[in-house]
Structures are given as C-alpha cells and as structure tokens.
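In this note's numbering, the protein residues as written are 70 to 581.
Heads up, the beta-carbon is just placed ideally off N, CA and C, and yes, glycines get one too.
A quick note: this is a predicted structure, and the numbers were derived from the prediction, not measured.
Note sheet for the following structure.
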Ligand code: HEM
C-alpha cells in the first residue's frame with residue numbers, strides 16, 4: 070500500500086478520535102460540578118484546609134441535607150466531591166469502576182512520603198498499581214500464605230493474654246488500647262520483615278511509624294501552595310523531613326538484613342539459627358520488577374511500601390478491635406451470647422488452655438456478626454481514601470472533573486436508616502438473617518468499611534481473620550466488665566483512624 074495513503078488514513082483516524090474526545094470533553098464541561106457552598110477562590114480554600122475530615126463531617130451532613138447526596142467543597146487547589154449515597158457509590162465504584170479508580174496526583178508532602186506515588190494506595194490506576202497490588206494479594210494475603218503466619222498469630226495472642234493477665238492482677242482497671250496496638254504491630258512487623266525482632270526494635274519501628282501517622286493532618290497543610298509553605302512553615306517541613314529520615318534509619322537496616330539473608334540462602338550458605346524460614350513482604354518486594362519502568366524497586370520505595378503495609382494493617386485493625394471490645398463491655402448480654410456460642414461449639418475446656426483456633430472461626434456465625442456490626446457502627450475510616458476520575462465525566466447530571474478528588478462517606482452509608490433499622494444501636498443479630506453478608510458490595514452496597522470495587526482494601530480478609538481470632542480469644546479467656554465507677558464512652562476522635570475519644574478502660578477477670 071502506498072505510504073501516502075497510510076499517512077492520510079492515520080491522520081483522519083487521529084482527527085476523528087480527537088473530535089470524539091473533544092466533544093465528550095466539551096459536553097462534560099457544560100454540566101455544573103455538584104452543588105456546595107459558595108467558592109471564593111483562595112479564601113474558601115483557606116477556610117476548609119484547616120479542618121480535618123472529622124470536622125468536615127457535620128458540615129457535610131448539613132450540606133447533604135440541603136443539596137442532596139453529592140456535594141462539592143473547594144479544599145486547597147482542587148474541588149473535592151463527596152458522595153454519601155450507597156446507590157451512587159455502587160454506580161461509581163462498581164458499575165463505572167474503570168473511570169473512578171484513579172487516585173489524585175500527589176501534592177508536595179505526599180510525594181515525599183509516597184516516593185512519588187510508588188505505593189499501592191496512592192499509585193495512579195495503571196500498571197505500577199496493578200503490579201504492587203497483585204504482589205501484596207498473591208504473595209502475602211493469599212489464604213495459603215496467610216496460613217503460614219498462624220504460628221506467629223498464636224504467639225502474639227499468648228503474649229497479649231499474658232500481658233493483660235499480669236496487668237489485671239495488679240490493677241482494677243486496664244487501659245487496653247496500647248496492648249492492642251502493640252499486638253497488631255508485632256504481627257505486621259513479623260509479616261513484613263520475617264523475623265521475631267527484639268522488643269526494643271519493634272518499639273522503635275512503632276515510634277517512627279506513629280510519629281508520621283499522627284502528624285498526618287499537620288503535614289497535610291504543607292501540600293498546598295508548597296512554595297509559600299516552604300517559607301512560612303519551614304519548621305514543619307523540616308520536621309517532616311526529619312521524621313522520614315528517622316523512619317529510613319530504622320527500616321533500611323532491616324531491609325538490608327533481609328537482602329543479605331536471601332543472598333545467603335540463594336548461595337546455599339548457613340543461616341542464623343533465629344532466622345525464621347517464611348517469605349516476608351520485604352522478600353517479595355526485593356524480587357519485584359516494575360513493568361513500565363523495567364527496573365527493580367529502590368530502597369526508598371521499599372521503605373514506603375513497608376510503611377504502607379504497617380500503617381494499613383495495624384492502626385485500622387487495633388482501632389476496630391477497641392471499638393468492638395468496647396461494645397462487648399457496654400452490652401454484657403452480647404458478650405455472654407458470644408461466650409455461649411464459643412462454649413457450645415468448642416466445649417467447656419475447663420482446666421486446659423483455652424484457645425479458639427483459626428479453623429474454629431468458621432463455626433461461629435454470631436462472632437462474625439459481632440465483627441460486622443462493629444465495622445458498620447464504628448468504621449475505622451469514615452471516608453475511603455480520596456479517589457479521582459481518569460477523565461472529566463458526567464455523573465448523576467453533574468461534572469466530576471479529572472483534577473478533583475472524589476470521596477465516599479463510609480460512616481453515613483453504614484448508618485443509613487433506610488437500610489439499617491435503629492442504625493446507631495449495636496445489634497449483631499441484624500447480620501444473622503443474611504445468607505453470608507457480602508462485605509465487598511459487588512451486587513449492592515449496604516455498608517463499605519473496606520471500600521468497594523477495584524480499590525477495595527486488599528487486606529480485608531486478613532483484617533477479618535485478625536479481628537475474629539482476637540475477639541474470640543479475648544472474650545473466652547476473660548470476662549470484660551466496666552470498672553467500678555467507670556463507664557464506656559463511645560465518643561469519637563479523629564486520629565489517622567476514628568478512635569475512641571476516651572480510651573477503653575476495663576476490669577478483667579479470667580474465665581477459668
Ligand atoms: C479493619 C481493618 C482495615 C480497614 C477498616 C481497612 C479499610 C480500608 C479502606 C477504607 C481502604 C480504601 C479503599 C478505597 O480507597 O476505596 C483501604 C485501602 C487499603 N488497605 Fe485496608 N483496611 C484494613 C486493613 C488492612 C490490612 C490488614 C491491609 C494489609 C496488610 C490493608 C491494606 C490496604 C491497602 C494496600 C490499601 C490501598 C488499596 C488500593 O489503593 O488499591 N488494609 N483499606
């Protein structure tokens with residue numbers, strides 16, 4: 070075929086495709102963005118930027134009552150769209166998942182903490198995200214791999230029970246949240262680095278992780294007008310860089326140790342006697358290659374991915390665990406019903422060590438209902454991570470612009486009185502009627518504590534396993550009661566997750 074003919078046809082195709090995109094684009098541009106308060110450039114941003122998502126929640130509720138289930142706020146340099154309606158969430162995340170599964174472009178401070186979007190939660194919807202996510206799900210969270218860590222779960226449980234027992238012997242009232250956080254941390258640190266690390270090192274990792282995590286909202290402000298904040302908030306920028314450096318100082322030696330161990334193993338050399346032979350998250354990352362960039366991950370990126378793994382798996386789970394135990398203390402009849410179920414299935418086991426094994430969990434429907442009710446009533450995140458659309462789209466007769474963020478209001482959906490009768494009450498029974506509740510929301514979203522669609526939390530099965538295993542064993546080993554003169558206050562406070570404003574204090578008495 071003549072070259073000129075191919076060139077002319079190619080040009081025509083290009084013009085046609087451009088024409089189609091342009092017309093879609095201009096069509097989208099004729100629709101308004103979802104309604105919201107008046108946007109006065111710069112002033113509105115300044116107004117909203119100082120507010121945490123928790124402070125925004127009541128304001129959003131008022132806006133939703135006025136404007137309907139989808140509203141816009143102009144926070145910082147880009148519009149933020151909020152969706153509170155579960156059917157709209159399903160339409161966006163499941164039915165139009167390809168378009169709604171992107172993440173916003175990282176701003177200045179987030180770029181540093183995410184190694185320029187080289188982690189699962191912040192990566193754009195594309196090949197890098199797919200590779201990193203597939204690595205986590207198939208190499209770490211696959212049921213057979215998750216099973217290889219059951220020994221460590223038992224060890225962490227025993228340590229937790231011992232600590233609670235010894236504290237309950239000397240104190241009438243035990244503050245449990247620190248114990249829960251430490252237990253989840255030990256578990257995830259082992260999965261990440263494949264070693265039972267010395268207590269001091271685990272505490273050190275916990276320190277560097279938590280100082281970045283709790284500084285999250287303070288550092289967020291650095292994202293906006295970085296050229297100005299670098300000057301006006303110089304001290305905060307320095308603090309962020311120092312925290313990141315401290316994190317690298319603690320995590321890099323552990324990553325290098327793993328690299329050395331793997332090299333030894335490959336070369337058939339003798340390992341240290343305390344080297345556990347499990348595949349850790351770091352091992353999988355050291356082997357990984359990024360398809361688009363055709364290279365292995367840098368040390369900085371591995372630090373970022375370990376940071377994500379530890380944060381995603383510890384704080385969320387220990388927060389949920391505290392909320393669930395708080396409800397079991399506040400409502401003793403639920404606790405007793407749970408203990409009755411365990412006793413009925415496992416027998417009395419008086420005088421022996423009482424352990425609900427992982428394989429027993431499948432036989433405990435009321436336990437599963439308690440966990441689901443805990444996640445519905447107290448989702449650790451009241452919003453999923455901000456999403457973005459891959460192109461300007463018209464959604465529910467509004468323009469959702471490519472440069473904006475799309476936020477889904479998890480707590481609102483789980484508390485919707487149209488779906489959940491008496492939604493603020495803690496009633497696990499509501500999950501017993503369902504033929505196995507679908508937490509992924511693929512057919513219909515009734516609640517979405519783990520999100521829904523392509524960006525759904527990849528760790529949800531592991532999270533459920535951890536919650537079921539720990540809740541079952543905690544109530545089977547101790548009776549959990551309100552200390553004399555105390556109370557269980559279910560008020561919330563926003564940290565990285567939505568935690569109890571007044572930490573749970575309990576009186577524990579061994580059941581044996
Ligand atoms: C109770 C515990 C947990 C809760 C409530 C939770 C909740 C969530 C939510 C709401 C999202 C955002 C979904 C979205 O943006 O649409 C998310 C994302 C994520 N979670 Fe979890 N999570 C938990 C435990 C875990 C665990 C144990 C891991 C792994 C060890 C994990 C790893 C992740 C990752 C990597 C993402 C990013 C997914 C992506 O962007 O593709 N999470 N989680």
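The three-state reading of DSSP puts residue 181 in helix, counting H, G and I together. Look at the region 207–293 and you find these whole runs of alpha helix (DSSP H), each 4 residues long or longer: 212–216, 219–239, 246–262, 268–283 and 285–289. Cβ-Cβ distances below 6 Å link residue 154 to 138 in the same chain, with the five nearest sequence neighbours on each side left out; the list follows chain order.
A distance below 7 Å between beta-carbons, with the five flanking residues on each side excluded, links residue 133 to the following residues of its chain, in chain order: 140 and 153. Closer than 6 Å to some heavy atom of the ligand HEM: that describes the Cβ of residue 385. Per DSSP, residue 394 lies in no beta strand (DSSP E) segment; the continuous alpha helix (DSSP H) that holds it begins and ends at 368–399. Residue 177 places its beta carbon 7 Å or farther from that of residue 101. For the pair residue 474 and residue 448, the CB atoms are not nearer than the 7 Å cut-off. With respect to the 7 Å criterion, residue 184 and residue 574 are not classified as neighbours on the basis of their beta carbons. Beta-bridge pairing by DSSP links residue 576 to 550. For residue 144, the enclosing beta strand (DSSP E) begins and ends at 139–144.
For residue 147, the enclosing beta strand (DSSP E) has its first and last residue at 147–152.
Per the C-alpha coordinates, the member of 551, 417 and 273 positioned closest to residue 244 is 551. When secondary structure is reduced to three states using DSSP, residue 467 falls in the strand class.
Taking a cut-off of 8 Å for Cβ pairs, the region 478–487 and the region 427–440 do not touch, as fewer than three such pairs fall below it.
Taking C-beta atoms under 8 Å as the contact rule, residue 246 and residue 320 fail to qualify, at a distance of about 24 Å.
Between residue 488 and residue 441, the alpha-carbon positions lie close to 15 Å from each other.
Annotation for residue 520: 453 and 526 place their beta carbon closer than 6 Å to its own, counting only its chain and skipping 5 residues before and after.
The distance from the Cβ of residue 497 to that of residue 439 is about 5 Å, consistent with a contact at the 8 Å cut-off. By the Cβ rule, the region 293–311 does not count as touching the region 233–241, because fewer than three pairs are nearer than 8 Å. The criterion of a C-beta distance shorter than 7 Å is not satisfied by residue 186 and residue 196. When the Cα atoms are used, residue 571 and residue 561 turn out to be separated by approximately 8 Å. Distances between the C-beta of residue 446 and the heavy atoms of the ligand HEM are all 6 Å or more. Exposed is the label assigned to residue 99, since fewer than 16 other Cβ atoms lie within 10 Å of its Cβ. Just so you know, the alpha carbons of residue 346 and residue 256 end up roughly 16 Å apart. Between residue 229 and residue 389, the CB-CB gap reaches or exceeds 7 Å. The criterion of a C-beta distance shorter than 7 Å is not satisfied by residue 379 and residue 549. Separation of residue 524 and residue 268 (C-alpha to C-alpha, rounded to the nearest whole angstrom) is 34 Å.
Around the beta carbon of residue 493, fewer than 16 other beta carbons sit within 10 angstroms, so the residue counts as exposed. A heavy atom of the ligand HEM is found nearer than 6 Å to the CB of residue 519.
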